[in-house]
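Residue numbers (the numbering used here), protein chains in the order written: chain A, 1154 to 1335; chain B, 6 to 246.
Where a beta carbon is used, it is the ideal one built from N, C-alpha and C, also for glycine.
Remember, predicted model here, so these are calculated numbers, not experimental data.
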Amino acid sequence: MKSRYFSTFQLILLALFSALVVVAKIALRTPLQLPGHSGIFWMAIIVVAARVVPKPGAASLVGVTSGLIAAFLGMGDFGMLNTFLSYTLLGVVSDLVLLLLGGNRENLVVAILVGILGHLGKLMVKWAYGIISGAPVGFVALGLVRAIIGYIIFGAIGGFLGWLTLIALRKAGFFAYLAEKR
Amino acid sequence: MRVSQSGRTRQVVLVNESPLRRADPRAKLFISLVASFVVMLPLERLAIFIVVYALFLTWARLLPQAARQIWRIKWILLILFVLDWWLIDLDHALLICSRLILLSGVFTLFFSTTTTRELSLTLEYLRLPYRYAFSLSLAFQSLGLLDDEWRAIREAQYSRGAVRETNSLRRMLSQLNDLISLTVPAIVLTTKRAWSITEAAYARGFDSPHRRPYYALSFSWIDGYLALGASLVIGCLLFLN
């Protein structure tokens, strides 16, 4: 039988993680409505997904799939194309960061960096929208400053939460259980 | 397909009465992609395209859906328009707002008239391996189940006092450790479900080399006309002086 890059179980697991990202996005709601606050849960899920399926492309696949789901559900403020690209870039940047940093995916610093940079990747799409549409760069930059700070903070918290989740899962014997299922 | 959490509801809205509902998703995807390139055009041509596109959406009974997308960015459009007019000129303000309006509404055509099953068939046609298209379909189908599971986990942890409703960033940070009582069960239950689905898929012959799809897409002459019409309109706007 032909060997596959992702096993069927891994593919299905990543698909379900993608759906979980969207559900978490809808579920989390803080009265403060700070920009990027929902990144706490979805960056945590991305960090966990990249560890549970430790192959380059896993986070990107979660990003693309959750982007398509979010676009179909009409999420996001700038239309469906923006929604799809935002989620996709979030996954792709997370993968790139993991690829560059390599090594241990359960490392706290790696998890936080993935959280911050992956989350900022999503913001980059909004910035690109501003540039493509020709909006004054100063205005776009000013408007994004508050958002950037929010995205960095919540991305870092998301990465940290992902790391805490990985540690808890390891203690609970989750990875031993998973090793049997591959 | 419906997801409802914390008083917010999201669902896939399919416009069944639209004549484009029966059109081939490949043609609709092509039109949406080509139309999104129009943002590069100068103002006059962009305005012509927006009028043509609005007429097309009216015929397709999709104008309310597109308008809803654009309405969401009304404040951004207003601020941008005023600032651009004030700092640069009226033409620039109109150009930017037109581009943003087009980018916001252009994919309504595809997403409001295509089912998730049709999307995965389209992706298969575009040479995406069946396994990936299946996983995408599966993600859509699992939304409701995961939504229920997430709600159950949240309510269980709230009732145990493991996690409290947060109304400030500081309180959220102070109980960050407690948030793993939401993420860990969610991950474990999702993994368990993934394994059950994998077993069920194998039992039904998933990965079989002789698999044939139950549904098949058919590209009719109407789809050809639609794609050709869109290409002609956009080609004229792009290349004619």
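By how many angstroms is the C-alpha of residue j removed from the C-alpha of residue i?
i         : j         : result
ALA167/B  : VAL111/B  : 44 angstroms
LEU128/B  : ALA138/B  : 6 angstroms
VAL1215/A : ASP94/B   : 43 angstroms
ALA1172/A : ARG1299/A : 29 angstroms
ARG1204/A : LEU68/B   : 44 angstroms
ARG209/B  : TYR1304/A : 43 angstroms
LEU38/B   : GLY1274/A : 22 angstroms
PHE1170/A : ILE239/B  : 39 angstroms
TYR207/B  : SER213/B  : 9 angstroms
PRO1188/A : ILE1302/A : 9 angstroms
SER125/B  : TYR220/B  : 11 angstroms
ARG26/B   : ILE36/B   : 14 angstroms
ARG116/B  : LEU19/B   : Note that residue 116/B is Phe in the sequence shown, not Arg. Between PHE116/B and LEU19/B, the C-alpha separation is close to 8 angstroms.
TYR100/B  : ALA1281/A : Here residue 100/B is Leu; the residue named in the question, Tyr, does not match the sequence. Going by the C-alpha atoms only, they are around 16 angstroms apart.
With distances taken Cα to Cα, identify the nearest neighbour of residue i among the options.
i         : options                                       : result
CYS241/B  : ARG31/B, PHE35/B, THR188/B and ALA40/B        : ALA40/B
GLY1220/A : VAL1205/A, TYR1240/A and ALA1202/A            : TYR1240/A
ALA1197/A : ILE1269/A, ASN1235/A and LEU1226/A            : ILE1269/A
ALA232/B  : LEU46/B, GLN180/B, ILE101/B and PHE61/B       : PHE61/B
GLY1232/A : ASP89/B, TRP90/B, ALA72/B and LEU83/B         : ALA72/B
SER1213/A : PHE1237/A, SER1191/A and GLY1229/A            : PHE1237/A
SER201/B  : LYS1324/A, PHE1159/A and LEU1166/A            : LEU1166/A
ASP1230/A : ALA1211/A, ASN1257/A, LEU1243/A and LEU1276/A : LEU1276/A
ALA65/B   : ILE78/B, LEU51/B, ASP96/B and LYS33/B         : LYS33/B
GLY1207/A : GLY1271/A, ASN1257/A and VAL1267/A            : Contrary to the premise, residue 1207/A reads as Pro rather than Gly in this sequence. PRO1207/A has its Cα closest to that of ASN1257/A, out of GLY1271/A, ASN1257/A and VAL1267/A.
ILE1222/A : HIS1190/A, ALA1332/A and ALA1168/A            : ALA1168/A
ILE1306/A : SER1156/A, LEU1164/A and HIS1190/A            : HIS1190/A
Just to confirm, is the Cβ distance from residue i to residue j under 9 angstroms?
i         : j         : result
LEU107/B  : VAL44/B   : yes
THR121/B  : SER140/B  : no
PHE244/B  : ASP29/B   : no
ALA1177/A : ALA191/B  : yes
ILE158/B  : LEU194/B  : yes
VAL1250/A : VAL1262/A : no
TYR1330/A : THR119/B  : no
ILE1180/A : ARG156/B  : Here the sequence assigns Ala to residue 1180/A, which means Ile is not the residue at that position. Contact flag set, yes.
VAL1200/A : GLY1311/A : yes
THR1161/A : ARG136/B  : yes
VAL1175/A : LEU1243/A : no
LEU1266/A : LEU184/B  : no
SER109/B  : ILE84/B   : no
Helix, strand or coil: which one does DSSP assign to residue i?
i         : result
GLN180/B  : coil
VAL193/B  : helix
ARG77/B   : coil
ILE1284/A : helix
VAL1205/A : helix
GLU129/B  : helix
ASP152/B  : helix
HIS1190/A : coil
GLU160/B  : helix
ALA1325/A : coil
#### Entry: Within 8 angstroms of chain A by C-beta, residues of the stretch 76–110 of chain B in sequence order
Across the stretch 76–110 of chain B, CB contacts with chain A closer than 8 angstroms involve ARG77, ILE78, ILE81, LEU85, LEU88, ASP89, LEU92, ILE93, HIS97, LEU100, ILE101, ARG104, LEU105, LEU108, SER109 and GLY110, in sequence order along the chain.
### Task
Could you list the residues in the stretch 1238–1260 of chain A with a C-beta less than 9 angstroms from some C-beta on chain B, going in chain order?
Against chain B - using a Cβ distance shorter than 9 angstroms - the stretch 1238–1260 of chain A contributes no residues.
### Query
Taking Cβ-Cβ distances below 8 angstroms as the criterion, which residues of the stretch 194–213 of chain B are in contact with chain A?
Within the stretch 194–213 of chain B, the residues whose Cβ lies closer than 8 angstroms to some Cβ of chain A are THR195, THR196, ARG198, ALA199, TRP200, ILE202, THR203, ALA206, TYR207, PHE211 and ASP212, listed in chain order.
### Query
Using a Cβ cut-off of 9 angstroms, which residues of the stretch 147–158 of chain B contact any Cβ in chain A, in chain order?
Of all residues in the stretch 147–158 of chain B, only SER147, LEU148, LEU150, LEU151, ASP152, GLU154, TRP155 and ARG156 place a beta-carbon less than 9 angstroms from a beta-carbon of chain A.
#### Entry: chain A contacts made by the stretch 36–69 of chain B, where a contact means CB separation under 7 angstroms
Residues are counted here when their Cβ sits less than 7 angstroms from a Cβ of chain A; for the stretch 36–69 of chain B these are SER41 and VAL44, given in chain order.
### Under 9 angstroms (Cβ pairs) to chain A, residues found in the stretch 111–127 of chain B
Contact residues of the stretch 111–127 of chain B toward chain A are VAL111, PHE112, THR113, PHE115, PHE116, SER117, THR119, THR121 and LEU124 (C-beta to C-beta distance below 9 angstroms).
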